[in-house]
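*Asks:*
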Amino acid sequence: MLKIAMLGAWHVHAPDYAAEVRAHPETEIALVWDNHAPRGEKFAKSLGVPFEADLTKVLEDPDIHGVVINTPTNLHRDVIIEAARAGKHVFTEKVLTSTLAEAMEVASAIRGADIKFTISFPHRTMPHNLFAKKAVEKGWLGEISLLRIRNAHNGTVANWLPEHFYDRNECGGGAMIDLGAHGMYLSTWLLGKPKRISSMFSHVTGKDVEDNAVAVIEFETGATAINETSFLSSHSPFSLELYGTEGSLYIGGPEGKVRLNSPLVQGEIEGWIQPSQLPKALPTPLEQWVGAILRDEPNYFSIDSAVALTELMDGAYRSHNLRRQIMFPLT
Numbered sequence: 056m057l058k059i060a061m062l063g064a065w066h067v068h069a070p071d072y073a074a075e076v077r078a079h080p081e082t083e084i085a086l087v088w089d090n091h092a093p094r095g096e097k098f099a100k101s102l103g104v105p106f107e108a109d110l111t112k113v114l115e116d117p118d119i120h121g122v123v124i125n126t127p128t129n130l131h132r133d134v135i136i137e138a139a140r141a142g143k144h145v146f147t148e149k150v151l152t153s154t155l156a157e158a159m160e161v162a163s164a165i166r167g168a169d170i171k172f173t174i175s176f177p178h179r180t181m182p183h184n185l186f187a188k189k190a191v192e193k194g195w196l197g198e199i200s201l202l203r204i205r206n207a208h209n210g211t212v213a214n215w216l217p218e219h220f221y222d223r224n225e226c227g228g229g230a231m232i233d234l235g236a237h238g239m240y241l242s243t244w245l246l247g248k249p250k251r252i253s254s255m256f257s258h259v260t261g262k263d264v265e266d267n268a269v270a271v272i273e274f275e276t277g278a279t280a281i282n283e284t285s286f287l288s289s290h291s292p293f294s295l296e297l298y299g300t301e302g303s304l305y306i307g308g309p310e311g312k313v314r315l316n317s318p319l320v321q322g323e324i325e326g327w328i329q330p331s332q333l334p335k336a337l338p339t340p341l342e343q344w345v346g347a348i349l350r351d352e353p354n355y356f357s358i359d360s361a362v363a364l365t366e367l368m369d370g371a372y373r374s375h376n377l378r379r380q381i382m383f384p385l386t
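Everything in the sequence shown is counted per our numbering, starting at 56 for the first residue and increasing by one.
(1) Near histidine 79, which residues of its chain fall below 8 Å by C-beta distance, leaving aside the five closest residues on each side in sequence?
(2) So the beta strand (DSSP E) tyrosine 305 belongs to, where does it begin and stop?
(3) Given a cut-off of 8 Å on the beta-carbon distance, is the pair glutamate 265 and alanine 230 in contact?
(4) Since valine 87 sits in a beta bridge, which residues does DSSP pair it with?
(5) Hey, which unbroken runs of the beta strand (DSSP E) at 3 residues or more fall wholly within the region 177-259?
(6) From which residue to which residue does the beta strand (DSSP E) around asparagine 316 run?
(7) Grouping DSSP H, G and I as helix and E and B as strand, with all else coil, what is tyrosine 298?
(8) Going by Cα to Cα distance, which pick from Ala336, Leu304, Val123, Phe356 is closest to alanine 139?
(9) Could you pull the DSSP bridge partners for phenylalanine 172 from this structure?
(10) When burial is assigned at 16 or more other CB atoms within 10 Å of the CB, is glycine 307 buried or exposed?
(11) Taking 8 Å as the threshold (C-beta atoms), are isoleucine 119 and valine 161 in contact?
(12) Whose C-alpha, out of Leu349, Arg94, His219, His91, is nearest the C-alpha of lysine 171?
(13) Sorted by chain position, which residues of the same chain lie with C-beta nearer than 6 Å to arginine 203's C-beta, five sequence neighbours on each side aside?
(14) Less than 8 Å between the beta carbons of alanine 363 and threonine 180, yes or no?
(15) With DSSP as the reference, label alanine 139 as helix, strand or coil.
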């Protein structure tokens, strides 16, 4: 049985990860730490476990096998590096860090430690997105020219996001660095290495961080990705569109369906088809982490993937702040 320390209750997904740790037959929550004691104490009480205010004490505890990171983003670097140096397995909410320089520091610590690291990229485990990956790899769409991803919710206008999600210092940004991260890691997974990025963010509700954002990315293959995200969109289902020289793929929309149109996969039916069977979902990121720790099972969301996401995100914010396109790799 792996004993897990929950490090931070800052992120809105902290309760979800805690529930998953508790539901997993091979893990249990040992304690909670948080840089803000009242928040941590409240979280610990809800879980029925102790709260420990001293992070060093937590990481020096030989009974703690791993940590789940849900701290403010600006604490990720220091907390993850400390955990890695203490020999604790690390599972972290995305993003790894807000800048590439910090991400490289974390990566160095992770690679120098005998631990398992996983970042939470849940959209890469989902059957519909796995089908998109298969369509690209099989060449069903021909040469890919355009990818469009929209992932948005109404957290700001419906007032269910916590106020600290608008703290630029803690978050590193707003809608793009949080919700837009999913579109970013899906883009590199589907299209490969980025070549340049141009982004535009807006502050519709006057928050300190952007609440509406779009990034346009060109990849080394020549394909373009459009990553749209927002905290202002009601009734806005996830959508992913792929366009190629031989066909097109639509995922999501109001009905959440997968539709493909390509002569390369047509049989007797012409036009738009709906796949009869999608790929099986992968284990969740946390399940992968536990399996990697206990049985050295595949872990698809590695430190390399985490750094790649941060580089894209760093480029997106540089582009908006400098009002120009940014080239990769970043310098």
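Built from N, CA and C at the ideal position, the CB exists for glycine as well.
*Replies:* Reading off the structure:
(1) Counted from its first residue, the sequence shown places residue 79 at position 24. Close CB contacts of histidine 79 within its chain, under the 8 Å cut and outside five residues either way in sequence, are with Leu341, Glu342, Val345 (chain order).
(2) Translated into the one-based positions of the sequence shown, residue 305 becomes position 250. That run of the beta strand (DSSP E) goes 303-307.
(3) Sequence index remark: in the sequence shown, residue 265 carries index 210 (1-based). Sequence index remark: in the sequence shown, residue 230 carries index 175 (1-based). Cβ distance < 8 Å, so glutamate 265 and alanine 230 count as in contact.
(4) In the sequence shown, the residue the question calls residue 87 occupies position 32. Listed as beta-bridge partners of valine 87 by DSSP are Met61, Phe106.
(5) For the region 177-259, the full-length beta strand (DSSP E) segments reaching 3 residues or more read 199-207, 249-257 along the chain.
(6) Taking the sequence shown and counting its residues from 1, one reaches residue 316 at position 261. From DSSP, the beta strand (DSSP E) with asparagine 316 extends over 312-316.
(7) The residue labelled residue 298 in the question sits at position 243 within the sequence shown. In the structure shown, tyrosine 298 sits in a strand (DSSP, three-state: E or B).
(8) Reading the sequence shown from its first residue, position 84 is the one you call residue 139. Looking at Ala336, Leu304, Val123, Phe356, the one whose alpha-carbon comes closest to that of alanine 139 is Val123.
(9) On the sequence shown, residue 172 is found 117 positions in, with the first residue counted as 1. Under DSSP, phenylalanine 172 forms a beta bridge with Val145.
(10) Here residue 307 refers to the residue found at position 252 of the sequence shown. Counting Cβ neighbours within 10 Å, glycine 307 comes out buried, since at least 16 surround it.
(11) Here the question's residue 161 lines up with position 106 in the sequence shown. Here the question's residue 119 lines up with position 64 in the sequence shown. At the C-beta level, valine 161 and isoleucine 119 stay beyond 8 Å of one another.
(12) If you number the sequence shown from 1, residue 171 lands on position 116. Looking only at Leu349, Arg94, His219, His91, the smallest Cα-Cα distance to lysine 171 is reached by Leu349.
(13) As a first step, residue 203 must be located in the sequence shown, where it is residue number 148. Excluding residues within five positions, the ones whose Cβ falls inside 6 Å are Ile281, Glu296.
(14) Indexing the sequence shown from 1 puts residue 363 at position 308. Indexing the sequence shown from 1 puts residue 180 at position 125. No.
(15) Within the sequence shown, numbered from 1, the residue matching residue 139 stands at position 84. Three-state DSSP puts alanine 139 in a helix.
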